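Read through the structure below, which is laid out as structure tokens, and then see the notes.
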Amino acid sequence: SLDGKCAVKADGLALGKGVLICNTPDEANAAIDQIMTDRAFGDAGSSVLIQELITGMEVSLHAMCDGKTARLFPSSQDHKRALDGDQGLNTGGMGTYSPVPFLSDEKLNEMANAVLEPWLAGCAAEGIDFRGMLYPGIMLTDDGPKVLEFNARFGDPETQVYLPRLENDLVDLFEASIDGTLDQHELRWSDQSAVCVVIASGGYPGSYEKGKVITGIADADALPGVKVFHAGTKLDDGNVVNAGGRVLGVTALGQGLQAARDLAYEAAAKIQFEGAFIRSDIAAKAL
């Protein structure tokens with residue numbers, strides 16, 4: 001018996017928000033009602049998964065695959081909860097950083113060997129020629145790493161800290177994945193750290209207002225080492241306005257995690273719109 005301590009998940013695509021953490025039977029029953037009766041996540045909640053609640057530190061694995069070879073990306077860590085201190089509801093991700101200082105290359109490779117290789121071998125055994133990005137979410141527990149999910153895509157916002165560090169031509173890697181020639185490519189990464197701070201609409205991951213004019217994007221983007229990635233934005237009569245829950249990802253490179261983090265928050269502070277909010281503790285646990 002789980003005694004109410006479980007994760008109740010919408011058994012469909014819910015933009016990374018379809019997981020409710022429960023600690024009592026009443027909370028679990030309420031979560032099921034919220035997903036299946038109230039349709040908090042739409043048709044994604046037509047059925048639910050109820051899983052043992054696993055506690056620990058969550059990290060992201062990414063690997064590019066060509067059916068035979070898997071090229072591992074560096075370590076990264078997302079921040080799923082909406083509020084500081086990992087409080088509030090789950091989101092699609094409020095910020096991330098790379099590399100993760102407490103996850104050595106040796107440990108990363110051990111995790112990859114334990115997770116990626118058996119998965120790819122299983123695909124091959126079933127005649128599945130998997131080519132593309134493989135992104136399993138991993139929880140580091142006292143009993144070792146546990147797989148939370150598999151995704152056949154890049155992570156968001158993990159990609160926003162990977163691409164500024166990647167020194168290869170991404171198109172070349174895509175073509176190698178298609179052609180089955182990844183074994184001819186070694187991934188090259190900057191030795192700089194990267195931090196991404198997500199700017200979200202007020203109320204996210206619940207309901208939020210759209211159409212708020214955003215200012216300061218150009219000022220943030222002009223800072224050396226900063227790149228502002230658009231997500232939930234659109235043009236409205238010549239103005240950039242918010243059009244989604246996660247609006248912008250402000251990424252900064254720095255020589256060391258502290259420098260990258262300071263620059264990311266300096267840049268994020270230049271961007272304003274009504275109701276905007278960020279987490280103030282992205283990458284803080286790694287310092």
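The numbering of the sequence shown is this note's numbering, which starts it at 1 and goes up by one. C-beta: ideal position from N, C-alpha, C; glycine also. Only a predicted model underlies this, so the values are computations on that prediction, with no experimental measurement involved.
Subject >> Those runs of the beta strand (DSSP E) which lie wholly inside the region 196-261 and span at least 3 residues >> reply: 226-230, 233-236, 239-242 and 246-254
Original post:
If A194 sits next to P145, beta carbons under 8 Å apart, how far is it from one beta carbon to the other, in whole angstroms?
Top reply: Actually they do not touch by this definition, with Cβ atoms about 23 Å apart.
Original post:
Does the count of Cβ pairs from the region 69-86 and the region 277-284 closer than 8 Å reach three?
Top reply: yes
**OP:** Return the chain-ordered list of same chain residues with a C-beta closer than 8 Å to the C-beta of G4, the five sequence neighbours on each side being excluded.
**Re:** C22, N23, T24, P25, D26, E27 and A28
Subject >> Per DSSP, the bridge partner or partners of T141 >> reply: G144
Original post:
Which same chain residues, not among the five before or five after F130, have their C-beta less than 8 Å away from its C-beta?
Top reply: C65, G67, L120, C123 and A152
Subject >> Continuous alpha helix (DSSP H) stretch holding T313: start and end >> reply: Any question about residue 313 goes unanswered here, given that the chain covers just 1 to 287.
Original post:
On the three-state DSSP scale, how would you describe Q51?
Top reply: strand
Original post:
Considering only the beta carbon of each residue, do I214 and V161 sit closer than 9 Å?
Top reply: no
Original post:
In the structure shown, what three-state DSSP assignment does G107 receive?
Top reply: For clarity, residue 107 is Lys in the given sequence; the question names Gly instead. Three-state DSSP puts K107 in a helix.
Original post:
Can you tell me the Cα-Cα spacing of A222 and P101, whole angstroms?
Top reply: 28 Å
Original post:
Under a Cβ-count criterion, where at least 16 other Cβ atoms within 10 Å of its own Cβ denotes burial, should P99 be classed as buried or exposed?
Top reply: buried
**OP:** Leaving out five residues on either side along the sequence, give the residues of the same chain with a beta carbon under 8 Å from the beta carbon of L173.
**Re:** M64, R71, L182, H185 and L187
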